[in-house]
C-alpha cells in the first residue's frame, strides 16, 4: 500500500508565515491538526498529503535523508549538507522570500583587508607572528571550507559558533566570521565589514524535492498535481489577458499575428501575454481601431507541460528509486 506524500514546512517564525501565505496563494492552504501548536497538517485540495512542521534545519536534514518528499527551507541550509547535495535534492523553485546572504566578514579595523586575496596574506602573517592559525567563527562549516579553498586561503581554523556569530571577534573568540546577513546592519553594529568578494551564497527559501526518498506511482501522481498548481500560479503572476470586440478582418489578423510573433499566445477570446507587455500590446490593438481593450490578470495558467515535474520524474527514474519506468507505466501514473 502506498504511503502518503510527505511535505515539510517551517514550524514557526517569519518563514512559516511566508510559506503559509505562498501555499494559500497557490490554492492549497495549510490546515494544521491540533490547533496552532500542532506539528502535523494537511493541504486543502490535496487529500492524502501529509505535512510535517519542522525547523528549517531539520527540513534540510530530512530532505537529504529521504525522510520527506518535498520541503521548503533555506538554500544556505541545504548547501551545508555537503558539496554533493545536488545529487540528493532537487531545487524546484526559488520562492522569493527568506532571503539572506552568506558572507565573509572581517573587522573594520583591518584597513588593508578588502578581498579574499588580502585575507590569505593576513592569515599567513598571523600564523607566522603568533604560531596560531587565524580563527573563523561560523555555523556554515562546509561552505566556509569550500569557499576558502577556492580562494587559496589555508592558514585558518574554524571555530563552530553556537550563538551570535557576529559577536565572536569582539569577544576574542575569533578573528573573523562567516555568517548570513540580510542588510549587513548587525555585522556593522559589531564592527565588521563584508569583504568585496566575500559573498559565498545569495540564499532564499527553496521549494525542494528529495531524490533519496522512496517514490511510488501514487506519490508521483500527487507530486504532479502539486507541482502543476505551483507552476500555474507562478505563470499567472507574470501573465495578463487582453480581450476586445473581434472584427475578424485582415487588419485585426495582422496585429494579432504580430503580437503572437512577439511572444503572446492566442486564447479563444483574445491573447495571453507577459504582464509587462500589456500597455504596448493594447496600444497596437487600439491603433488598429480595435477596442475597447480590456486587460485582466488570471488566477492560474495551466500549461500542457510541467517542467518541474518532468525534471523530478527524470531524476527519480534515473536515480536510485526502487521503481522503474515500466512499473510506473504499468501502475497507470503516466
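In this note's numbering, the protein residues as written are 57 to 390.
From the three backbone atoms N, C-alpha and C, an ideal C-beta is built for every residue, glycine too.
Burial check for residue 374: the Cβ neighbour count within 10 Å stays below 16, so the residue is exposed.
Residue pairing by DSSP places residue 262 opposite 129 and 150 in a beta bridge. Rounded to the nearest whole angstrom, the CA to CA distance from residue 227 to residue 191 is 13 Å. Around the Cβ of residue 199, a 10 Å sphere holds 16 or more other Cβ atoms; the residue is buried.
Your pair residue 279 and residue 368 checks out as a contact, with CB atoms roughly 6 Å apart and the cut at 8 Å. DSSP places residue 135 within a helical segment (H, G or I) once states are collapsed to three. Taking the CA atoms as reference points, residue 230 sits about 32 Å from residue 128. Taking C-alpha positions only, residue 355 is separated from residue 324 by approximately 17 Å. Using a C-beta cut-off of 8 Å, the region 339-349 makes no contact with the region 275-292, since fewer than three inter-stretch Cβ pairs fall below that distance.
Beta-bridge partners of residue 107 (DSSP): 63 and 97.
A Cβ-Cβ separation of about 6 Å places residue 371 in contact with residue 146 under the 8 Å criterion. Bounds of the alpha helix (DSSP H) holding residue 339 are 334-343. As the crow flies, the alpha-carbon of residue 353 is around 7 Å from that of residue 295. In the three-state DSSP reduction, residue 203 falls in the helix class (H, G or I).
A straight-line Cα-Cα distance of about 58 Å links residue 196 and residue 343. Separation of the CB atoms of residue 159 and residue 254 is rounded to 5 Å, and the pair is thereby assigned contact status at 8 Å. Considered as a whole, the region 163-202 harbours 190-194 as its complete beta strand (DSSP E) runs of no fewer than 3 residues, in chain order. Look at residue 222 here: in three-state DSSP terms it is helix. Taking C-beta separations shorter than 8 Å and ignoring five residues to either side along the sequence, the partners of residue 125 in its chain run 61, 62, 63, 265, 266, 269, 271, 275 and 279, following chain order. Between the region 302-317 and the region 162-171, the count of Cβ pairs shorter than 8 Å is below three; the stretches do not touch. Inside the region 265-293, DSSP marks whole alpha helix (DSSP H) runs of 4 or more residues at positions 273-293, from first to last along the chain. Close CB contacts of residue 95 within its chain, under the 6 Å cut and outside five residues either way in sequence, are with 109 (chain order). Boundaries around residue 326 are those of the beta strand (DSSP E), 326-330, since no alpha helix (DSSP H) includes it. One alpha carbon belongs to residue 89, the other to residue 59, and they sit about 19 Å apart.
Boundaries of the alpha helix (DSSP H) harbouring residue 114: 112-121, taken from the DSSP string. If only complete runs of 4 or more residues are kept, the region 212-256 shows the alpha helix (DSSP H) at 224-227 and 241-245, in order along the chain.
As computed with DSSP, residue 87 is found in a beta bridge with 98. Cβ-Cβ separation between residue 131 and residue 283: approximately 19 Å, too far for a contact (criterion under 8 Å). Relative to the Cα of residue 143, the nearest Cα in the group 122, 152 and 153 belongs to 122.
Here residue 311 is near residue 340, since their CB atoms are less than 8 Å apart.
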